[in-house]
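If you read the sequence shown in the numbering used here, its first letter stands for residue 1, the second for the next number, and so on.
No residue lacks a Cβ here, since even glycine has one placed at the ideal position from N, Cα and C.
Note that the structure is predicted; figures quoted are calculated from it, not measured.
Step one of this worksheet: look at the structure below.
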Amino acid sequence: MNRFYMIGGLLDGFITILVIAIPLIIAAGLIIYFISIYNRLYSLKNSAEATLGQVRVALKKRLDMIEQLLGAVKSYAKFEKETFESITRLRTEVFRAGAGGLSDIDRESRRLFGSIVAVAESYPELKTSETVTRLMESVRSIEGEIARHRYTYNNIAQTFNIMLDTIPSKFIASSLGLSKMEYLKFPEEVEKRPEISF
Numbered sequence: 001m002n003r004f005y006m007i008g009g010l011l012d013g014f015i016t017i018l019v020i021a022i023p024l025i026i027a028a029g030l031i032i033y034f035i036s037i038y039n040r041l042y043s044l045k046n047s048a049e050a051t052l053g054q055v056r057v058a059l060k061k062r063l064d065m066i067e068q069l070l071g072a073v074k075s076y077a078k079f080e081k082e083t084f085e086s087i088t089r090l091r092t093e094v095f096r097a098g099a100g101g102l103s104d105i106d107r108e109s110r111r112l113f114g115s116i117v118a119v120a121e122s123y124p125e126l127k128t129s130e131t132v133t134r135l136m137e138s139v140r141s142i143e144g145e146i147a148r149h150r151y152t153y154n155n156i157a158q159t160f161n162i163m164l165d166t167i168p169s170k171f172i173a174s175s176l177g178l179s180k181m182e183y184l185k186f187p188e189e190v191e192k193r194p195e196i197s198f
């Protein structure tokens, strides 16, 4: 009979341990799950910021090249003071701008580049100038760099935004005050690389 009491006592102890352990295991699993969502959200957010930084650097490189190109062609054509001021203003704004502002800077820098290309095409001496050719090729290679970074950023933003739209990450993001990321949108007429012909 003592044996049955002993087995019953062990069984009661085992059930007590299970009643305590199962909720603790579930709670630990939920905490680990929420921590992984939290880490994923902030990993995406930080990756997006880093990629925007790369877009900013590439846009600044493009503006630097445009400014050098402007210097190379200014002896052939008279450019307004506003053109030089626009480049300076854009170079200043590029590191403060968000995704929407970077789209505006991209559009404006493409417009400036297009006007310089038009001038270069008007003067045969400029078409054959090694400096002008090299600078135009540099701007063209930067166009590809900007496109790659924009593609990467938009993919990260899309993944982040999907997480903000799906449960349970939506609740976690909301409690952290996270909001959707803005995509880098360049207008249709600007998405084409400027044609450079000599």
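Q. Any idea if Glu191 is buried or exposed, counting beta-carbon neighbours within 10 angstroms, 16 or more meaning buried?
A. Because the pLDDT of Glu191 is 45, which lies under 50, any placement of that residue in the model is unreliable, and the number read from its coordinates should be weighed accordingly. Per the 10 Å Cβ criterion, exposed.
**Q.** Close beta carbons around Ala99, own chain, < 6 angstroms, minus the five adjacent residues each side
**A.** Result list for Ala99: Glu182 and Leu184, in chain order.
**Q.** Test item: CB-CB of Ser115 and Leu90 under 8 angstroms
**A.** No, the Cβ-Cβ distance between Ser115 and Leu90 is not below 8 angstroms.
Q | Cβ contact check for the region 144-155 and the region 11-25: 3 or more pairs under 8 angstroms | A | The region 144-155 makes no contact with the region 11-25, as fewer than three CB pairs between them are under 8 angstroms.
Q) Can you give the beta carbon distance from Arg142 to Ala58, rounded, assuming they're within the 8 angstroms contact cut? A) First, the amino acid is wrong: residue 142 is Ile here, not Arg. Taking a contact as a CB-CB distance under 8 angstroms, the pair Ile142 and Ala58 counts as one, their CB atoms being some 6 angstroms apart.
Q) In whole angstroms, what is the alpha-carbon distance linking Leu135 and Leu70? A) Cα to Cα, the separation comes out at about 10 angstroms.
**Q.** Cβ pair Ser122, Met65 closer than 8 angstroms
**A.** Going by C-beta atoms, Ser122 is not nearer than 8 angstroms to Met65.
**Q.** Alpha-carbon to alpha-carbon, Leu11 and Leu164
**A.** For Leu164 and Leu11, the distance between alpha carbons rounds to 46 angstroms.
Q. According to DSSP, is Thr16 helix, strand or coil?
A. Helix.
Q. Where do the N-terminal and C-terminal ends of the alpha helix (DSSP H) with Leu135 fall, by residue?
A. That run of the alpha helix (DSSP H) goes Glu130 to Asp165.
Q. Rounded to whole angstroms, how far is the Cβ of Ala120 from the Cβ of Val73, which I believe are closer than 8 angstroms?
A. Yes, Ala120 and Val73 are in contact; Cβ-Cβ is about 6 angstroms, under 8 angstroms.
(Q) Am I right that Ile162 and Leu41 are in contact with their C-beta atoms under 8 angstroms? What's the rounded C-beta distance? (A) Between Ile162 and Leu41, the beta carbon gap of about 11 angstroms keeps them out of contact (Cβ cut-off 8 angstroms).
Q: Could you tell me how far apart the beta carbons of Ser169 and Ile35 are, in whole angstroms, since I believe they sit closer than 8 angstroms?
A: Their Cβ separation, rounded to whole angstroms, is 12 angstroms, which puts Ser169 and Ile35 out of contact at 8 angstroms.
**Q.** Simplified DSSP assignment, three categories, for Val94
**A.** DSSP, reduced to helix, strand and coil, places Val94 outside both helices and strands of the structure shown, so it counts as coil.
Q: Can you say whether Val117 is buried or exposed, counting buried as having 16 or more other CB atoms within 10 angstroms of its CB?
A: Buried, since its Cβ has 16 or more Cβ neighbours within 10 Å.
Q | Three-state secondary structure assigned by DSSP to Met181 | A | Correct three-state label for Met181: coil.
Q: Could you check what DSSP says for Tyr123 in three-state terms: helix, strand or coil?
A: Here Tyr123 sits in coil by DSSP.
Q | Assigned exposure category for Arg62 - 16 Cβ within 10 Å defines buried | A | Label assigned to Arg62: buried.
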